[in-house]
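To start, the structure under review is shown below, and the notes come after it.
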Amino acid sequence: MILKTLSNTSWKIALSGVLALSLTACGAGGGASQPNAKPAASGKTSSYPEKPIVIVAPSGAGGGWDKTARSVAKTLAESKAVGQPITVENKPGGGGAVFMAEYATKDKKDNYKLFVSSPPILINNLKKEGNSPYGYKDTTPLAQLTKDYGALVVSANSKFKDMKSVIEALKTDPTKVTVAGGSAPGSMDHLIAVLPAYKSGIDPKKVKYVSYDGGGEAMTSLLGGNADVIATDASSVGEYVKAGKVRVLAVTAPNRLSGELKDVPTLKEQGIDAEFNIWRGIFGPKEMGKDELAFWDAKLKEMSDTEIWKKELQANVWEKDYKNAADFKAFLAQQESQVKDMLAALGMAK
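The numbering of the sequence shown is this note's numbering, which starts it at 9 and goes up by one.
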């Protein structure tokens, strides 16, 4: 693929001087020109990358982070955007917290190791129990790639027909409504589960939340009659809607979604002023060099516009929502404030 000239935004980011250290790959001087060589922030030619790249999924195989990492690696390889091999490594543990502890301390200057994440990088850093001392500020945000939204789901034969009926039941007696999710208390599913109640003036601490080990188990609980409502990713429920097994009461999107959920109203349509964006993005080390940051800012933008990436989005039922490094960093600061407020309301903020 022919390299595009860096945009003005990319050059501004590359020249901003916000990052503390600029690292260029060793052996750049005097050798043959590299396939990805380009003018660097210093004005000289950068030969980055000069060795294979690793993209880490801080989870086991098969989840959203793993699929995102492998889709990015596949697209970059097939589009020939990066002239080095790209491999994916899985490093599960603590919802990403185990990996972050290692990355933020041992790999903070490793320009050849990137990773994918989503709202848990904020949640783990802000919650009181089982928290991580490290968050997005201990990284270099490179790009937001996709977005998904939360969905509030009931079984097809549920007595709840809309969010208003759920909220009324919670106000009458919150202990009589079991809300479930596929992750621990204080996690993303929990926040999505209590968001409508919180925004409706109900103490979220009184909402009966039951956690399961993954969205699949939460769905099994719902279908088995052990939960009244579950909170999950909107992209994961289409097949159940199509099969007539569940009814989606609301999505946490600003507008209605497409596909199987096209007729599902948003929370705002039902009088609940709330949204929650389940983004997925890619990050680099905190002390990433200016030249390397400029490289990825350009390459990930190129990747997001390829037909290969569009097919990956379609195959995984993801919505494209590309943000460059600067815009992604600003967005993370905004969502961090939202997460902090909700955790505080739950009594779970550190």
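Glycine residues also receive a C-beta, built at the ideal position from the N, C-alpha and C atoms.
Values in this document were obtained by computation on a predicted structure and should not be read as measured data.
The DSSP-derived three-state label of residue 78 is helix. For the region 289 to 331, the continuous alpha helix (DSSP H) assignments of 4+ residues that do not extend past its boundaries occur at 298 to 312, 315 to 324, in sequence order. Comparing alpha carbon positions, the residue from 288, 354, 356, 355 closest to residue 337 is 288. The three-state reading of DSSP puts residue 343 in helix, counting H, G and I together. The alpha-carbon separation between residue 220 and residue 307 amounts to approximately 38 angstroms. In summary, residue 209 is exposed, with fewer than 16 beta-carbon neighbours lying within 10 Å of its beta-carbon over all protein chains present. Looking from the CA of residue 70, the closest CA among 324, 339, 196, 143 belongs to 324. With distances taken between CA atoms, residue 105 lies nearest to 137 out of 91, 137, 93.
For secondary structure counted as the alpha helix (DSSP H) over 4 or more consecutive residues, the region 179 to 229 holds these complete runs in sequence order: 196 to 207. Judged by pairs of C-beta atoms under 8 angstroms, the region 191 to 207 touches the region 129 to 144, as three or more such pairs exist. For residue 152, same chain residues with a beta-carbon under 7 angstroms away, outside a window of 5 residues either side, are 287, 289, 329, 330, 331, 336, 339 in chain order. With respect to the C-alpha of residue 167, the residue from 311, 154, 255, 93 having the closest C-alpha is 255. Less than 8 angstroms separates the beta-carbon of residue 159 from that of residue 245. CA-CA distance, residue 187 to residue 54, rounds to 53 angstroms.
Judged by DSSP secondary structure, residue 106 falls within the alpha helix (DSSP H) whose first and last residues are 105 to 114. Three or more Cβ pairs closer than 8 angstroms define a contact, and the region 259 to 267 falls short of that threshold against the region 83 to 99.
Residue 237 has 187 as its beta-bridge partners, per DSSP.
Within the DSSP secondary-structure output, residue 255 pairs in a beta bridge with 162.
Residue pairing by DSSP places residue 148 opposite 292 in a beta bridge. With fewer than 16 other beta carbons inside 10 angstroms of its own, residue 141 counts as exposed.
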